[in-house]
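Worksheet for the structure shown next.
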Amino acid sequence: MAYFHKELLCCDEKIWKGKFPIKIEMFENLEEFVHGFYKTFMGYLKSDHKIDIFNSYLNDPKLGKLIRSTEFAKYIVTQSHLDAGIPTTLVHGDLWNNNIIFKRDSNGAISNDVEAFLDWQIVQEGNLVCDFARLLTCSCEGDIRREAETYIFEYFVDCLNTELKQVGKLPVPYTAKQLRESYEAVFIMHLMHPIFMMPLFFATKSSTPEEKTIDEARIDRCILRALHTCEDAKRYADSGKFDKWLN
Numbered sequence: 001m002a003y004f005h006k007e008l009l010c011c012d013e014k015i016w017k018g019k020f021p022i023k024i025e026m027f028e029n030l031e032e033f034v035h036g037f038y039k040t041f042m043g044y045l046k047s048d049h050k051i052d053i054f055n056s057y058l059n060d061p062k063l064g065k066l067i068r069s070t071e072f073a074k075y076i077v078t079q080s081h082l083d084a085g086i087p088t089t090l091v092h093g094d095l096w097n098n099n100i101i102f103k104r105d106s107n108g109a110i111s112n113d114v115e116a117f118l119d120w121q122i123v124q125e126g127n128l129v130c131d132f133a134r135l136l137t138c139s140c141e142g143d144i145r146r147e148a149e150t151y152i153f154e155y156f157v158d159c160l161n162t163e164l165k166q167v168g169k170l171p172v173p174y175t176a177k178q179l180r181e182s183y184e185a186v187f188i189m190h191l192m193h194p195i196f197m198m199p200l201f202f203a204t205k206s207s208t209p210e211e212k213t214i215d216e217a218r219i220d221r222c223i224l225r226a227l228h229t230c231e232d233a234k235r236y237a238d239s240g241k242f243d244k245w246l247n
């Protein structure tokens, strides 16, 4: 990501600026979006207790309103980063592990080096923090995501500024702290992603008898990932920073 944003900062912005508007229509009818995917998600919960837990998050007086607010979602993708002092840039829009190809090392094993990002169909000009939120909520278990959140923005800014220095460019005009502050609002908007992606993985999958218990364990893991996302989103919603969007 640092290399990608270095290339953007080094190229003539006329190449991309004004050519990839945000598809605002994606954020219409969020009430129907939340209701439809959560209804399907509930079919994977094995007990009334788990259903009650998720109901408490998705119908929370603050969090429940924010994830259904079209105006809040539009603010996040079009303006929140500017208010935080982060310039508008190109955003992949669907950056998660299934859309990343990694290089192989000399032994043919998968390395940590990225070969390419795939699936640019919703590339847009907006808040670069959206790519962090999509990547972390959709690709990581709760413990890994939470650990990554403690250092990922510092690491990104350090890598990006190193890339820029190598080509004689000035550092970016924002800090890791600004990215992290913007991330809280973006994270709330991404709450539903671990919930709606699970039915996409399992709804059409038929398990053999040998696979049944394996898939059950995978479903449990996805549920836990969604639960941890809900816990953190509620913490951000309860901070009071976004209360103006509750009216």
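In case it helps, UniProt numbering puts the sequence shown at residues 1 to 247.
Just so it is clear, CB atoms sit at the ideal spot from N, CA and C, and this is done for glycine as well.
- Assigned with DSSP and collapsed to three states, residue 25 falls in helix.
- In this structure, DSSP gives residue 97 a helical state, which the three-state scheme calls helix.
- With fewer than 16 other Cβ atoms from the protein chains shown falling within 10 Å of its own Cβ, residue 121 counts as exposed.
- Per DSSP, reduced to three states, the secondary structure at residue 77 is helical.
- When DSSP states are grouped into helix, strand and coil, residue 110 belongs to the strand group.
- Assignment of residue 91 by DSSP, reduced to helix, strand and coil, places it in the strand class.
- Around the beta-carbon of residue 64, 16 or more other beta-carbon atoms lie within 10 Å, marking it buried.
- If you draw a straight line from the Cα of residue 142 to the Cα of residue 192, it is about 14 Å long.
- By the 16-neighbour rule on beta-carbons within 10 angstroms, residue 127 is buried.
- DSSP places residue 125 inside the beta strand (DSSP E), whose first and last residues are 124–126.
- Inclusion of residue 76 and residue 167 in the CB contact set at 8 Å is not warranted, their separation being larger than that value.
- Beyond the five residues adjoining it in sequence on each side, residue 105 comes within less than 7 Å, by CB distance, of 111 in the same chain, given in chain order.
- A straight-line Cα-Cα distance of about 37 Å links residue 61 and residue 2.
- In this structure, the beta-carbon distance from residue 172 to residue 124 does not fall below 8 Å.
- The beta carbon of residue 34 lies closer than 8 Å to those of 58, 67, 68, 192 in the same chain, with the five residues before and after it left out.
- Taking residue 189 as the centre and dropping the five residues before and after it, the same chain places the C-beta of 73, 76 closer than 6 Å to its C-beta, in chain order.
- Taking a 10 Å sphere around the C-beta of residue 114, we find fewer than 16 other C-beta atoms and assign the residue as exposed.
- With a cut-off of 8 Å on Cβ pairs, the region 155–169 is in contact with the region 4–13, counting three or more such pairs.
- The C-beta separation of residue 137 from residue 157 comes to about 21 Å, leaving the pair out of contact by the 8 Å criterion.
- Note that the C-beta distance between residue 117 and residue 98 is not below 8 Å.
- Residue 195 and residue 37 do touch by the CB rule: their CB atoms are close to 6 Å apart, below 8 Å.
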